[in-house]
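> The structure under discussion is supplied below as structure tokens; questions concerning it will follow.
There are 2 protein chains.
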Amino acid sequence: MPDCGDDDSRRDLAAMVVPLGRALIAAEQRILDAQQLSMWSYVVLTALADEPARTQAALAAAIGADKTRIIAVLDDLQARGLIVRGPDPADRRGHLLSLTPAGRRAFGRARAAIRAYERRLLDTMPVTDRSTFLRALARLSAMPWHELTGAGSEEPTR
Amino acid sequence: MPDCGDDDSRRDLAAMVVPLGRALIAAEQRILDAQQLSMWSYVVLTALADEPARTQAALAAAIGADKTRIIAVLDDLQARGLIVRGPDPADRRGHLLSLTPAGRRAFGRARAAIRAYERRLLDTMPVTDRSTFLRALARLSAMPWHELTGAGSEEPTR
DNA sequence: GCACATCGTCTGCGCGAGCGTACGATTAGC
DNA sequence: GCTAATCGTACGCTCGCGCAGACGATGTGC
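First to last, the sequence lines map onto chains A and B. Position one of the first sequence corresponds to residue 1192 (the working numbering), numbered consecutively onward. Position one of the second sequence corresponds to residue 1192 (the working numbering), numbered consecutively onward.
Here you go:
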């Protein structure tokens, strides 16, 4: 028997998280449009700002994208001088990927706009709630899904 | 203040929410598979359990789906005796949609499995954090995006 | 040298979702 | 009665994504 009164007798977690994510990407897409960036571009810039990648495949894996799908993104970013796709002296098969100063600046601008938007959203809740929320969210999003996903469901196998 | 962060140093909200949502639907899809339900089926059952719909279009709008896309879902649910698509005596164009007892039972089972899974996830954090997190999440997911989304690039209307 | 793996690129397939259209049945306005 | 609007249904179109295969260029093990 499912509980009735407890704190989570409301909507499902997913029923809140997924639409929230949808709304976020929709809103932030518009912000990125103003910077002439796509979502994938922004994700790539974010990853490269964190640390340069020594190979496109590694970058793709890092951001959870398909290797073939980021080619166009990289082409565009390179053509606009935001990243450099330099040859790797150690392994001439791969390309070293890193941000140019212009790329770092563009990313900073985009991230500032995104952050401003998100901060405005988060400012609608008390400060303590906000930090708790962010901490909990960070923990959940960094969870070992690969184990939890398959495990726990001890459904009645009839 | 070292790096513990102004919330400026962490990842973007969307960068945590969206992957979390993805992981949730992936995990819950497997749970629903065990109940022979698809995500859309579960969403439909959830909506109908809340209150019967007097028209398919209304149901589709309520769950944010396309009218044409839920037809197959309703067909399946009806064929399995989980819902009834009765004629509306008041307006013979539309169909009254409601759960059968079996449908209510199946939904209860599915929801219990989903809830158990989510509770296991949430149990990894302190109780106070959990309630705060859920409260904040509920507030965010119930936000007036239609205004915030558009006004995003403008000013906070202070 | 040789076989094999890796990297980047291109191409195509399949899936799911949204969007628009058309049509029969029905209702509402006049 | 006529027309316009609505509902459910089917159909086709387009997009974006993941996946797989192929190829040339390159690196690695023997």
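All C-beta atoms in this analysis are idealised placements derived from N, C-alpha and C, irrespective of residue type, glycine included. Since this is a predicted model, take the numbers as computed values, not measurements.
Shorter than 9 Å from the beta carbon of A/D1320 to some beta carbon of chain B?
It does: the Cβ of A/D1320 has a partner Cβ on chain B nearer than 9 Å.
> Within this structure, are the beta carbons of B/A1256 and B/V1234 separated by less than 9 Å?
For B/A1256 and B/V1234, yes; Cβs fall inside 9 Å.
> Could you please give me the residues that DSSP links to B/A1329 through a beta bridge?
Paired residue(s): none; B/A1329 is not in a bridge.
> Provide the residue span of the alpha helix (DSSP H) that contains B/L1268, from first to last.
B/L1268 -> alpha helix (DSSP H) spans 1261 to 1270.
> Measure how close the beta-carbons of A/D1279 and A/G1285 come, nearest whole angstrom, since I'm counting them as under 8 Å.
About 5 Å separates the two Cβ atoms, so the contact holds.
> Straight-line CA distance for B/D1320 to A/D1241?
So the alpha carbons of these two residues sit roughly 29 Å apart.
> Name, please, each residue of chain A whose Cβ falls closer than 7 Å to the Cβ of B/S1332.
Residues of chain A passing the Cβ test: M1207, P1210, L1211.
> In the DSSP assignment, find the beta strand (DSSP E) that holds B/P1278 and state where it starts and stops.
Its beta strand (DSSP E) spans residues 1274 to 1278.
> Flag B/P1347 as yes if its beta-carbon sits less than 9 Å from any beta-carbon of chain A, otherwise no.
Note that B/P1347 scores 38 on pLDDT, short of 50, meaning its location in the model is unreliable; the coordinates nonetheless yield the value given after this. Taking Cβ atoms only, chain A reaches closer than 9 Å to B/P1347, which makes this a yes.
> Does the Cβ of A/A1307 have 16 or more other Cβ atoms within 10 Å, making it buried, or fewer, making it exposed?
Exposed, by the Cβ-count rule.
> Closer than 8 Å by C-beta to B/P1243: which residues in its own chain qualify, once you throw out the five before and the five after it? Chain order, please.
Correct list, in chain order: L1287, L1288, S1289, L1290.
> Beta-carbon of B/F1324 versus every beta-carbon of chain A: anything under 9 Å?
Yes, contact with chain A.
> In chain order, what residues of the same chain have a beta carbon less than 6 Å from the beta carbon of A/I1261, not counting five sequence neighbours either side?
Answer for A/I1261: A1251, listed in chain order.
> Tell me the DSSP secondary structure of B/A1244 in three-state form.
The answer is strand: DSSP assigns B/A1244 an E or B state.
> Restricting to Cα atoms, I'd like to know which of A/M1334, A/G1294, A/L1204 is closest to A/L1228.
With distances taken between Cα atoms, A/L1228 lies closest to A/G1294.
> If you measure from the beta carbon of A/V1234 to each beta carbon in chain B, is any gap under 9 Å?
For A/V1234, the answer is yes, since a Cβ of chain B falls inside 9 Å of its Cβ.
> Please report the straight-line C-alpha distance between B/A1333 and B/T1259, rounded to a whole angstrom.
Between B/A1333 and B/T1259, the C-alpha separation is close to 26 Å.
> Report the neighbours of B/E1242 on chain A: residues whose CB is nearer than 8 Å to its CB, in chain order.
Chain A residues near B/E1242: none, gap ~14 Å exceeds 8 Å.
> Helix, strand or coil for A/L1290 per DSSP?
Strand, per DSSP.
> In the segment 1214 to 1227 of chain B, which residues sit with their C-beta less than 9 Å from some C-beta in chain A, listed in chain order?
Residues passing the 9 Å Cβ filter: A1214, L1215, I1216, A1217, A1218, E1219, R1221, I1222, A1225, Q1226.
> Would you please state the rounded distance, in angstroms, between the beta carbons of B/T1323 and A/F1324? I believe it to be under 8 Å.
With 8 Å as the limit, B/T1323 and A/F1324 qualify as a contact, their Cβ atoms being about 6 Å apart.
> Tell me whether B/V1318 is buried or exposed, calling it buried when 16 or more other Cβ atoms sit within 10 Å of its Cβ.
When all chains shown are included, B/V1318 counts as exposed.
> How about B/Q1226 and B/A1327: are their beta carbons less than 9 Å apart?
Cβ distance not < 9 Å, so B/Q1226 and B/A1327 don't count as in contact.
> Tell me whether B/M1192 sits in a helix, a strand or coil according to DSSP, three-state version.
The pLDDT assigned to B/M1192 is 46, lower than 50, so where the model puts this residue is not dependable; a value taken from the coordinates is nonetheless given after this. Coil.
> Could you spell out where the alpha helix (DSSP H) holding A/A1392 opens and where it closes?
Residue 1392 of chain A lies beyond the range of chain A shown here (1192 to 1349); nothing can be said about it.
> Are the C-beta of A/D1279 and some C-beta of chain B separated by less than 9 Å?
No, its Cβ sits nowhere closer than 9 Å to a Cβ of chain B.
> If you reduce the DSSP assignment to three classes, tell me which class B/A1256 lands in.
Note: B/A1256 maps to coil in three-state DSSP.
> Is B/L1228 close to the ligand ADP? I mean its beta-carbon at under 8 Å from any heavy atom of the ligand.
Absent from the structure shown: the ligand ADP. Ligands present: none.
> At a Cβ threshold of 9 Å, is A/G1285 touching chain B?
Not an interface residue.
> Anything in chain B within Cβ reach of A/R1201, meaning under 9 Å, just list it in chain order.
Within 9 Å Cβ-Cβ: L1325, A1329.
> In angstroms with no decimal places, state the Cα-to-Cα distance between A/R1276 and A/I1254.
Taking the straight line from one Cα to the other gives about 17 Å.
> Comparing alpha-carbon positions, which option in B/V1209, B/W1231, B/R1300 lies nearest A/M1230?
When each option's Cα is compared against that of A/M1230, the closest is B/V1209.
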